[in-house]
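Undergrad:
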């Protein structure tokens, strides 16, 4: 799975890997990119930059403008305004050159059902002008990578949705792209398969120096694999950064400690314990969580593993309480996303968030 | 920068072999598809059956007349009197549109519903490579079908009836095949247009076959109705008026592509046909008969006679294809 770019005597072989190009040339960069369909603004003045060798997650609800953005990056639809640069080229003007170097997995990818998986890939290889002698080897390699080698010679009519998705990734990798754009890559793949695919993406970045842009509404997966995340709502980028950065930005600057003390479950929401927890320095709020029979203590992130925990442990020892649970609750992308979108709706910047 | 070295590589940018690859793939799909085999069998049967009934009649005539010129072409023109079956060229005129629509009605919309279109377009080919390739593949498949059918009829004539075609007949036959391919490609372009405009393949097929039915069965009726209203030949008081009115009604009839095809076919396959317009009076007919007696047109004269028909068919095909092309180029990749 790791040998991504074998030395191939090919006219497409590049002398230096993409990762070695200067840092100033981001593989994907947009400036005020806008797409309007009549009155509807699908993508609204988007400034986006994806750096070489990173996995960038585009996060947003259905209809937030993720796919439209991707189509503009590939030159498959023309922007209404602004510019895009992909591998240093304008996709609206030089789409062929861009498409030769960018692998794309479309949302709900499909294949010709009368052909086998291998035949479908062979067609893609032909369209990419791959030399005939290296095509078969390359096809075998990408099929191995996505774990489809065993089913490659049956008609794609018989494939499950997840298998089609895997074949789609193989299809996008076939041309050995510098940039990989994946639209909802893990939808309808089973959980174990998702782990495999995400591992594959990481190894592509690590070994091949590929740059990956993926869009998803499955937040947990995005969180686990992406270096940086852009939160998309109603055609706008409302948040950008690593998950911790976004947590700091949208998490209300609060982290949570989950605290459970023996005997709490019997006396739900015991006022004495509440008072005790609230008495520590740096605690912003104390909530009884009936579902897990524990206290959620809101603290500022810097204090979560620091002062408050220390004070709590000391108090527990002094009073002879039996602590059954103490852990830091990380801000999940889910929470961040909800806060971000809600914050946007409250701010009244747009009325289309709910769509 | 890697970008620049890539761009300078010869033969990469501006390489436009995409349509050829698309066409090759589509053609091999067509050849192995059930619809190809079914259409081949239907057309083949339709060509053989009247031939079988006609062969006895042709043989008896051929043995009596020593100087039967164009006995070979009679294979395509002969309509047996014993059974009500149209002759080959009339039959092809009616059925060929079916062939064109059948090979194109799902060209684009099935790519759309199967989710293969975005994937196809994200490969390094131009967008028009897709329509061009598909049209070319359809044309190639149709050519194969028509050549096979014509080959079967000719072979039948040569082997079973012993009629060897003269060079002039071969040329005429080939010209007729070209005309027929043109006629079918008009419907192919129409089918392609439907596949671009109508998102569901089943709807596109229904519309295509509906239009075909309308043209093939009711077309003549509707046209003659219009002609009857606009140019009522019966109301003609003088000979001049009569002639001008019948000319007008013939022009109206030619608005129907089927008329164009049938007139051109008759001229190309039958050297004794010296005029494209049918005689409308007994006098005219007699005059026409006298002209036709013993006087056969050479191929180039026949070709000259149907040149306007050919140009009209090419223009109609081009218009249909251009509409499909432009609409496809303007459509969003996503529905």
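Protein chains in written order, with my numbering: chain A, 915 to 1269; chain B, 11 to 345.
Glycine included, every Cβ here is placed at the ideal spot set by N, Cα and C.
None of the values given here were measured: they were computed from a predicted structure.
Counting only C-beta atoms, is residue 136(B) closer than 9 Å to chain A at any point?
TA: yes
Undergrad: Where does residue 865(A) sit, in a helix, a strand or coil, going by DSSP?
TA: Any question about residue 865(A) goes unanswered here, given that chain A covers just 915 to 1269.
Undergrad: Any beta carbon of chain B sitting closer than 9 Å to that of residue 993(A)?
TA: no
Undergrad: Would you identify the three-state DSSP class for residue 268(B), choosing helix, strand or coil?
TA: helix
Undergrad: From this set, 998(A), 1082(A), 972(A), 1067(A), which residue's C-alpha is nearest residue 1136(A)'s C-alpha?
TA: 972(A)
Undergrad: Confirm, please, whether the CB-CB distance from residue 1090(A) to residue 968(A) is below 9 Å.
TA: In this structure, residue 1090(A) does not lie closer than 9 Å to residue 968(A) by Cβ.
Undergrad: In angstroms with no decimal places, state the Cα-to-Cα distance between residue 1088(A) and residue 172(B).
TA: Looking at the backbone, the Cα of residue 1088(A) and that of residue 172(B) are separated by about 58 Å.
Undergrad: Pick helix, strand or coil for residue 908(A), following the three-state DSSP scheme.
TA: Missing from the structure shown is residue 908(A); chain A here goes from 915 to 1269 and no further.
Undergrad: Have a look at residue 937(A) and residue 963(A) and give me their C-alpha separation to the nearest angstrom.
TA: Bear in mind that the predicted position of residue 937(A) carries a pLDDT of just 44, short of 50, making it too unreliable to give a figure here.
Undergrad: Excluding five sequence neighbours on each side, which residues of the same chain lie with their C-beta closer than 8 Å to the C-beta of residue 123(B)?
TA: The answer, listed in chain order, is 209, 210, 211.
Undergrad: Nearest chain A C-beta to residue 76(B) closer than 9 Å, yes or no?
TA: Because the pLDDT at residue 76(B) is just 48, under 50, the model does not fix this residue reliably, and the value given afterwards should be weighed accordingly. Chain A contact via Cβ: absent.
Undergrad: At the level of alpha carbons, what is the spacing between residue 76(B) and residue 84(B)?
TA: Its pLDDT being 48, under 50, residue 76(B) is placed unreliably in this model, and the value from its coordinates should be taken loosely. Computed Cα separation, rounded: 15 Å.
Undergrad: Using a C-beta to C-beta distance shorter than 9 Å, which residues of chain B count as neighbours of residue 980(A)?
TA: For residue 980(A), none of the residues of chain B pass the 9 Å Cβ criterion, the least Cβ distance being about 12 Å.
Undergrad: Report the rounded CA-to-CA distance for residue 1077(A) versus residue 1053(A), giving the unit in angstroms.
TA: 16 Å
Undergrad: Spell out whether any CB of chain A is found under 9 Å from the CB atom of residue 179(B).
TA: no
Undergrad: Please determine if the region 1048 to 1063 of chain A and the region 149 to 168 of chain B are in contact, where contact requires at least 3 C-beta pairs separated by less than 8 Å.
TA: Because the criterion of three Cβ pairs below 8 Å is not met, the region 1048 to 1063 of chain A and the region 149 to 168 of chain B do not touch.
Undergrad: Taking only three categories from DSSP, how would you classify residue 1023(A)?
TA: coil
Undergrad: Taking the Cβ atom as the reference point for each residue, do residue 988(A) and residue 1016(A) lie within a distance shorter than 9 Å?
TA: yes
Undergrad: Could you spell out the range, first to last residue, of the beta strand (DSSP E) harbouring residue 97(B)?
TA: Element bounds for residue 97(B): n/a, residue is neither H nor E.
Undergrad: Please state whether DSSP places residue 344(B) in a helix, a strand or coil.
TA: coil
Undergrad: Tell me whether residue 966(A) sits in a helix, a strand or coil according to DSSP, three-state version.
TA: coil
Undergrad: Taking a cut of 9 Å between CB atoms, which residues from the region 32 to 59 of chain B lie near chain A?
TA: 32, 34, 35, 39, 42, 43
Undergrad: Check whether chain A comes within 9 Å of residue 342(B), counting only Cβ atoms and requiring the distance to be less than that.
TA: yes
Undergrad: Provide the residue span of the alpha helix (DSSP H) that contains residue 948(A), from first to last.
TA: No alpha helix (DSSP H) holds residue 948(A); the beta strand (DSSP E) holding it covers 942 to 951.
Undergrad: So, at 6 Å on beta carbons, what are the nonlocal neighbours of residue 195(B) in its own chain, with the 5 sequence-adjacent residues on each side left out?
TA: 149, 327
Undergrad: Against chain B, with Cβ distances strictly below 9 Å, would residue 1018(A) count as a contact?
TA: yes
Undergrad: Can you find a CB in chain B that lies within less than 9 Å of the CB of residue 1099(A)?
TA: no
Undergrad: In this structure, does DSSP put residue 1170(A) in helix, strand or coil?
TA: Under the three-state reduction of DSSP, residue 1170(A) is assigned to strand.
Undergrad: Comparing alpha-carbon positions, which option in 28(B), 55(B), 234(B), 239(B) lies nearest residue 260(B)?
TA: Distance from the Cα of residue 260(B) is smallest, within the candidate group 28(B), 55(B), 234(B), 239(B), for 234(B).
Undergrad: At which residue ranges does the region 992 to 1078 of chain A contain complete beta strand (DSSP E) runs of 3 or more residues, listed in the order of the chain?
TA: Whole beta strand (DSSP E) segments, 3+ residues: 995 to 1000, 1016 to 1019.
Undergrad: Answer yes or no: does any C-beta atom of chain B fall closer than 9 Å to that of residue 1194(A)?
TA: no
Undergrad: Which same chain residues, not among the five before or five after residue 128(B), have their C-beta less than 8 Å away from its C-beta?
TA: 343, 344
Undergrad: With a threshold of 9 Å between beta-carbons, can residue 1038(A) be considered close to chain B, or not?
TA: yes
Undergrad: Three or more C-beta pairs closer than 8 Å, one from the region 99 to 113 of chain B and one from the region 994 to 1004 of chain A: is that the case here?
TA: no
Undergrad: Between residue 1022(A) and chain B, is the shortest Cβ-Cβ distance under 9 Å, so that the two count as touching?
TA: At a cut-off of 9 Å between beta carbons, residue 1022(A) contacts chain B.
Undergrad: Applying the criterion that 16 or more other CB atoms from any shown protein chain within 10 Å of the CB defines a buried residue, is residue 954(A) buried or exposed?
TA: exposed
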